[in-house]
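This report refers to the structure that appears directly beneath it.
Chains as they are written, first to last, in my numbering: chain F, 1 to 242; chain P, 1 to 120.
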């Protein structure tokens, strides 16, 4: 019996089982996870690691454990999606912590949230003065959503009654020195046009280009491998190995 | 076609994993034909009748069969059960060499117990 081989085979089983279960469990991002989702992830990962290296027990019970936890996770997801009443209990609900500029002390106490944490979350949202806040809501994933008072909101094009062209999403035309012909066709341009654009930016050959994009408004962006920057800005505040 | 691949590949992978993890159960159910159990019972009978030469030959055969079985069941069975069976086999060889009937029977019964519990 080769323990190394057994661990390798069990690793493959655990790895791909986790991958498949994670795909079935959905595409939630880490930032969207509730505390329970986070704990669920850790538990499933821990079972998978035991499946891999705990050779003193059979692989099967670990795998069944993995399957049960993933199925329950999926069931919870399904229930919260179909039944809002249960979702409120399982996922929690957003809590208003600042209303009309006033801090809701009872809500903070109930959530065991110190005001220093609220201040920190506000600073993360670039709010340094409490008087600027009209509403602040702690979302069920622990993030803070902030609505500033109207006088502190930035002026928008609509406020100034200016019409702006939609910038849209840029299309990559060259990446890593290689022309993406599919994208060029998609925007109904040809190589001649691209060569002209590159020439106007002082580029002689496509291989010099790291990335080139075009947005629907017609703005062409090109970045070369050689950046020709003489005075580099160093943001490091302490001399390190790099 | 794409949907079929997206569903079929994970399902096939999971089924393969289940087969690997249940290889001991599947082996005992469909391929073993009570080979190991019969061998152990035969050796028990030989030792009871004090046929030491026959028992020695049977043990060698059992060891060979066990080596082949381990290759198949190692991915699903408990490491401890496999190691304990190996230990029983070594002790059994010693007991047969010494013509120690009591110890040989103890080891054989323990080995049988390990084999029966290997898929539980």
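All C-beta atoms, glycine included, are put in the ideal place defined by N, C-alpha and C.
This one's a predicted model, so the numbers in the text were calculated from it and none came from an experiment.
- Residue 45 (chain P) sits exposed, since fewer than 16 C-beta atoms from the chains shown fall within 10 Å of its C-beta.
- DSSP places residue 80 (chain P) in the uninterrupted alpha helix (DSSP H) bounded by 79 to 97.
- Where residue 207 (chain F) is concerned, there is no enclosing beta strand (DSSP E), because DSSP gives it neither an H nor an E.
- For the stretch 16 to 28 of chain F, the residues whose beta carbon sits under 9 Å from a beta carbon of chain P are, in order, 16, 17, 19, 20, 23 and 24.
- For the stretch 78 to 104 of chain P, the beta-carbon criterion of a distance under 7 Å to any beta-carbon of chain F is satisfied by 78, 79, 80 and 82.
- The Cβ neighbour count for residue 24 (chain P), taken over all protein chains shown within 10 Å, is at least 16; the residue is labelled buried.
- Contact of residue 55 (chain F) with chain P is assigned, a C-beta pair being separated by under 7 Å.
- Counting only runs of at least 3 residues, the stretch 19 to 62 of chain F fully encloses no beta strand (DSSP E) element at all.
- In the displayed model, residue 144 (chain F) falls within a strand according to three-state DSSP.
- In this structure, the straight-line span from the alpha carbon of residue 115 (chain P) to that of residue 83 (chain P) is close to 11 Å.
- Put simply, the backbone Cα of residue 89 (chain F) is about 41 Å away from that of residue 167 (chain F).
- Contacts between residue 31 (chain P) and chain F, judged by CB atoms closer than 8 Å, are missing: the closest CB pair is about 18 Å apart.
- Burial check for residue 117 (chain P): the Cβ neighbour count within 10 Å stays below 16, so the residue is exposed.
- DSSP, reduced to helix, strand and coil, places residue 42 (chain P) within a helical segment of the structure shown.
- Between the C-alpha atoms of residue 94 (chain F) and residue 153 (chain F) there is a straight-line separation of about 23 Å.
- The three-state secondary structure of residue 190 (chain F), taken from DSSP, is coil.
- The beta-bridge partner set that DSSP reports for residue 178 (chain F) consists of F:175.
- Apart from the 5 residues on each side of it in sequence, residue 81 (chain P) sits with its Cβ closer than 7 Å to the Cβ of 114, 117 and 118 in its chain, given in chain order.
- In this structure, residue 55 (chain P) places its C-beta atom within 7 Å of the C-beta atom of residue 96 (chain P).
- Here residue 103 (chain F) is bridged, per DSSP, to F:98.
- Rounded to the nearest angstrom, the Cβ distance from residue 65 (chain P) to residue 36 (chain P) is 6 Å, consistent with a contact under 8 Å.
- Straight-line measurement puts the Cα of residue 134 (chain F) at about 13 Å from the Cα of residue 128 (chain F).
- In this structure, the alpha-carbon of residue 208 (chain F) lies about 40 Å from that of residue 16 (chain F).
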